[in-house]
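I have placed the structure first, in the form of structure tokens, so that the comments after it can refer back to it.
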Amino acid sequence: MTLLLIILFISLCIVLYINYSKEHFCPTHISKKQNKLILWENDKPTKLFNTYEDYTKYHNFLQSNYKTKGKSCSLLTPKYKPTSNNALKNWVDTNLHNKWYNIEYFQGNRQSKKTKLLEAISKTKENYLLLNPTCLKNIKSNNKDYYKKFVSAYSVYLRNEFKKSLKYIPKSTSENNMTVDELNVYYSLLSNMPTCDRLIKLYNKQCSINKWNTGWTYIKQPKLPKNTSCLISTKNIKTKVNPLLDEGIPVGALSISQIDSLTPKFKYYELNKI
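In structure tokens, the structure reads:
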């Protein structure tokens, strides 16, 4: 009986010692803040790590020392809080190239067909002038006459081809408000648009009645536009055309253009109907 009590007492001492060791020597949790990992002992931060790999190396080093003292600590895992009502934060350890947490749940997380079309259209527009270096050179060199011919031809091209494909011209002047069918045609027209010189040769019609004023812009620096006008002699009616800058390239779509952007942005809108 006495021997049994001694064994129980020794067992209790071992359990208490282990618990004491964990409470006083083991970190309690690890958290992430501003792309850093913070190691905590209760409410006190003790170490800062750049990556989870750095923390695991530190943990393994401590474990090798703890074993000689009969102590042991568990490897901790960072916890994450939702960043919004719809999603959990993703964290990627860039050193390990491993997603430790890759839990995402967004409402409607699949891209709609319209969203994909808008992205494809945006990419096509950005690439057009880059794939037409002569055209880009003329625009960047402040060749206003060339630019006016280009936007005029572009307007006529869109109107004519929309009529051929849809039998009408889209009422909406914003890509975001176009229907999927209209965006499909628009994307096709942009993808198959002739080179700038060819476009000007085939479709340039300056100051045409019921034309589209097109804001295809290449902006080097912010400048205030001033309006110019051309005269339709047959009806003696003035029609505004794309505003010109004192210096630089004509700007017609400042609302969707980024100053100092290296890629041209453009949209079209109905100017007037006569």
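Throughout the sequence shown, residue numbering follows full-length UniProt numbering, covering 1 to 274 in sequence.
Each residue gets a CB set at the ideal place from its N, CA and C atoms; glycine is no exception.
Keep in mind the model is a prediction, meaning the values are calculated, not measured.
When DSSP labels each residue in this structure, what does residue i get in the three-state scheme?
i      : result
Lys171 : coil
Ser74  : coil
Asp43  : coil
Thr179 : coil
Pro194 : coil
Ser112 : coil
Asn184 : helix
Asn60  : helix
Lys201 : helix
Using the Cβ count rule (16 or more neighbours within 10 Å means buried), how would you classify residue i?
i      : result
Phe61  : exposed
Tyr147 : buried
Tyr168 : exposed
Glu175 : buried
Leu131 : exposed
Pro133 : exposed
Leu129 : buried
Glu182 : buried
Leu39  : buried
Lys113 : exposed
I'd like the list of long-range same chain contacts for residue i, defined as Cβ closer than 6 Å, with 5 residues on each side in sequence excluded.
i           : result
Ser233      : For Ser233, the pLDDT reaches just 38, beneath the cut-off of 50, and the residue's location in the model is therefore unreliable, leaving the point undetermined.
Asn50       : none
Ile121      : Tyr187
Leu75       : His59
Tyr55       : Leu37 and Phe49
Cys196      : Asn132, Cys135 and Phe150
Ser172      : Met178
residue 276 : The chain is shown only over 1 to 274; residue 276 falls outside these bounds and no answer can be derived.
Lys137      : none
Asp145      : none
Between which residues of its own chain and residue i is the CB-CB distance below 7 Å, once the five residues before and five after are set aside?
i      : result
Lys22  : Legend: pLDDT at Lys22 = 42, less than 50; position of this residue unreliable, no value from coordinates given.
Asn184 : Leu117
Lys57  : none
Glu41  : Pro27 and Thr28
Ser165 : Val185
Asn204 : Lys149, Ser152 and Ala153
Glu161 : Leu189
Quickly, what does DSSP pair residue i with across the bridge? List them, please.
i     : result
Ile38 : Ser31 and Leu48
Give me, in chain order, the residues of the same chain whose beta-carbon lies closer than 8 Å to that of residue i; leave out the 5 immediate sequence neighbours on both sides.
i      : result
Leu199 : Phe150, Ala153, Tyr154, Tyr157 and Met193
Lys163 : Ile169
Gln63  : Ser72 and Cys73
Thr124 : Tyr187, Leu190 and Ser191
Val180 : Lys113, Lys114 and Leu117
Please report the residue range of the alpha helix (DSSP H) in which residue i lies.
i      : result
Cys26  : Premise fails: Cys26 is in no alpha helix (DSSP H) and is neither H nor E.
Asn138 : Pro133 to Lys140
Asn160 : Lys144 to Leu166
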